[in-house]
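For the sequence shown, the positions run -25 to -1, 1 to 187 when mature numbering (1 follows the signal peptide of the UniProt record, and there is no 0) is used. We put the beta carbon where it would ideally sit given N, CA and C, even for glycine. As the structure is a computational prediction, the values presented were derived from the model and not from experiment. One structure below.
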Amino acid sequence: MNSKRSLVRRTAAVAASAVAALVLAACGGNGDNSAGHDGHSKASPSASASASSQGQQNAADVAFAKGMIPHHRQAVEMADLAPSRAGSAEVKALAEQIKKAQDPEIKTLSGWLTSWGEEVPAEGAMDHSEHGASGMSGMMTAEEMDKLKDSSGKAFDTAFMEMMIKHHEGAVSMAETEKADGSYEPATKMADAIISSQTAEITQMNELLGKN
């Protein structure tokens, strides 16, 4: 009997140990899970820190995007005239270069505004400044655009380059403002690229016009 009781006690002890082990394992599992959640919660700020390392947009970034979209659209509109009207191969190549650079930037700028909950300027909005080249950052008036559309050959080449120089100068000025006041890193990087590429194109156009 004693040996039977002893066996029962040992069996109960083993069973109790097994239960205890399961409970501890479960607790340990919970601990691991909670550690996993903690790890995740620690990773999230780090991920958001990485995302926010680009900086949150500010009013200058929004103004830059809203201004540069119609500005680029007009430059592309001007460049679109070159294949059928330009007399010079250099002007045609320059126009193609301008279009290739600015079309993708329009899409990028539009994407930023959408992601910021801002309205993208409608097609045609502010595409022609009422105040001429000296007004809104080098934008051409409707009359100037009509004059360009009505010209061809050497007259077109000269008008195109003279207008585009003013247009580029306006874009460079807008980009410099963005660099000084903007906080969204991709926008300030685009501003850098605009300053670099368009300053080089201004130099090229001045050389073609014989002004350098």
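Do you know offhand how far alanine 150's Cα is from histidine 47's? As a first step, residue 150 must be located in the sequence shown, where it is residue number 175. As a first step, residue 47 must be located in the sequence shown, where it is residue number 72. For alanine 150 and histidine 47, the distance between alpha carbons rounds to 12 angstroms.
Methionine 180 to glutamate 137 span [Cα, whole Å]: Taking the first residue of the sequence shown as position 1, residue 180 is located at position 205. Taking the first residue of the sequence shown as position 1, residue 137 is located at position 162. About 8 angstroms.
Kindly indicate the opening and closing residues of the alpha helix (DSSP H) around serine 126. The residue labelled residue 126 in the question sits at position 151 within the sequence shown. Taken as a continuous stretch (DSSP letters only), serine 126 belongs to no alpha helix (DSSP H), as it is neither H nor E.
Tell me the DSSP secondary structure of alanine 97 in three-state form. Counting from one through the sequence shown, the residue named residue 97 turns up at place 122. In this structure, alanine 97 counts as coil in the three-state DSSP scheme.
Note down, in chain order, each residue of its chain lying with its Cβ closer than 6 angstroms to the Cβ of alanine 155, except the 5 sequence neighbours on either side. As a position in the sequence shown, residue 155 is number 180, starting the count at 1. There are no such residues.
On a CA-only basis, which of Val51, Val66, Ser85 is nearest lysine 41? Give me that one, please. Working through the sequence shown from its first residue, we reach residue 41 at position 66. Here the closest residue by C-alpha is Ser85.
Assumed close pair proline 79, lysine 67 - CB separation to whole angstroms, cut-off 8 angstroms: Within the sequence shown, numbered from 1, the residue matching residue 79 stands at position 104. Within the sequence shown, numbered from 1, the residue matching residue 67 stands at position 92. Between lysine 67 and proline 79 the Cβ distance is about 20 angstroms, and since that is not below 8 angstroms, they are no contact.
For methionine 180, which of helix, strand or coil comes out of DSSP? Numbered from its first residue, the sequence shown carries residue 180 at position 205. The answer is helix: DSSP assigns methionine 180 an H, G or I state.
Suppose the cutoff is 8 angstroms on Cβ atoms and the five residues either side in sequence are ignored; what does the same chain contact list for alanine 162 look like? What you label residue 162 is simply residue 187 of the sequence shown in a count that begins at 1. The residues are Gln32, Asp36, Phe39, Ala40, Trp87, Glu153.
Whole angstroms are fine: how far does the CA of methionine 120 sit from the CA of alanine 50? In the sequence shown, counting from the first residue as 1, residue 50 sits at position 75. In the sequence shown, counting from the first residue as 1, residue 120 sits at position 145. Spanning the two alpha carbons is a distance of roughly 11 angstroms.
CA nearest to the CA of serine 148, picked from Glu93, Glu118, Ser171, Ala76: Looking up residue 148 in the sequence shown gives position 173. Answer by Cα proximity: Ser171.
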